[in-house]
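Here the working numbering is used: the sequence shown runs in plain steps of one and ends on residue 211.
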Amino acid sequence: MNKQELIEKLTSNRDKCFEEAKKYADLSWDRQIVDSKALVYMQVINWVEGLDEQPKVTVPKFVATWINQCKKKATLADCLDGYYEISNGEVVSSEDFQNWVVDNENDELTAKAWIFGYEVEKLPVFPLSQGDLVIRKGNHEAKIYIVESVSESGVLLVNGIKDEFYSADDEGGPDNDLEYFYSNFRLLAKKESLEVEEVK
Numbered sequence: 012m013n014k015q016e017l018i019e020k021l022t023s024n025r026d027k028c029f030e031e032a033k034k035y036a037d038l039s040w041d042r043q044i045v046d047s048k049a050l051v052y053m054q055v056i057n058w059v060e061g062l063d064e065q066p067k068v069t070v071p072k073f074v075a076t077w078i079n080q081c082k083k084k085a086t087l088a089d090c091l092d093g094y095y096e097i098s099n100g101e102v103v104s105s106e107d108f109q110n111w112v113v114d115n116e117n118d119e120l121t122a123k124a125w126i127f128g129y130e131v132e133k134l135p136v137f138p139l140s141q142g143d144l145v146i147r148k149g150n151h152e153a154k155i156y157i158v159e160s161v162s163e164s165g166v167l168l169v170n171g172i173k174d175e176f177y178s179a180d181d182e183g184g185p186d187n188d189l190e191y192f193y194s195n196f197r198l199l200a201k202k203e204s205l206e207v208e209e210v211k
């Protein structure tokens, strides 16, 4: 339960006390008890409103996925280790998460995300339109891809040999979603900047 949910629950209980108080005569003992409860709720609401709320941390999508998976079947300690064992002895792990925690000392950030909640990092999106040229980042074969289409459902690339589709949802797997695309490709040239040579 977060701070706002607690305030809403206390406010609801306070309002119920005010409604119940209407049933009794003004100076009756029962009325004084109900009014006292309402005053207590009002004071507690003031205290809660004065509390500092822990801000949510920002984590990569694969970290959010791992935390959600661990919350269902493991402990925070298991989550920080990057693996856990399920009842049949099978070990579930995330190598990406393990590397992220160890390389960047992100154990405290992970614990805060587990306890206080988190927001997922926004994709490093660059403007893209049909006809643009993109190339893979890093030490890959230098293949140039033409952006065949860009839509809400994803990005389709062609290079003369095969088509590659990067989906906006997670159905294609981690190597075929938009997060993978924007993390592993870069814009080589915009369609508008390419010279068009007329054939005569």
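Built from N, CA and C at the ideal position, the CB exists for glycine as well.
Buried versus exposed, by CB contacts within 10 Å (16 or more), residue i
| i | result |
| --- | --- |
| residue 41 | exposed |
| residue 190 | buried |
| residue 22 | exposed |
| residue 108 | buried |
| residue 212 | Look at the range of the chain in this structure, 12 to 211, and you will see that residue 212 is not part of it. |
| residue 145 | buried |
Proximity to residue i [Cα-Cα], best of the options
| i | options | result |
| --- | --- | --- |
| residue 85 | 169, 158, 102 and 38 | 102 |
| residue 202 | 158, 193, 175 and 189 | 158 |
| residue 126 | 114, 32, 64 and 204 | 64 |
| residue 161 | 144, 151, 140 and 171 | 140 |
| residue 138 | 46, 16, 67 and 200 | 200 |
Bridge partner(s) assigned by DSSP for residue i
| i | result |
| --- | --- |
| residue 176 | 167 |
| residue 197 | 146 |
| residue 160 | 167 |
Sequence-distant residues of the same chain with beta carbon closer than 6 Å to residue i, five excluded per side
| i | result |
| --- | --- |
| residue 118 | 91 and 112 |
Nonlocal neighbours in the same chain, by C-beta distance under 8 Å from residue i, ignoring five residues either side
| i | result |
| --- | --- |
| residue 226 | Outside the modelled stretch of the chain, which goes from 12 to 211, sits residue 226, for which no answer is possible. |
| residue 195 | 147, 148 and 149 |
| residue 36 | 42 |
Cut-off 7 Å between Cβ atoms - residues of its own chain near residue i, not counting five sequence neighbours on either side
| i | result |
| --- | --- |
| residue 89 | 81 and 95 |
| residue 83 | none |
| residue 67 | 127, 128, 129 and 130 |
Closer than 8 Å to chain C by CB, residue i
| i | result |
| --- | --- |
| residue 101 | This model lacks chain C altogether, as it is built from one protein chain only. |
Is it true that the stretch 129–144 meets the stretch 93–109, where meeting means three or more beta-carbon pairs spaced less than 8 Å apart?
no
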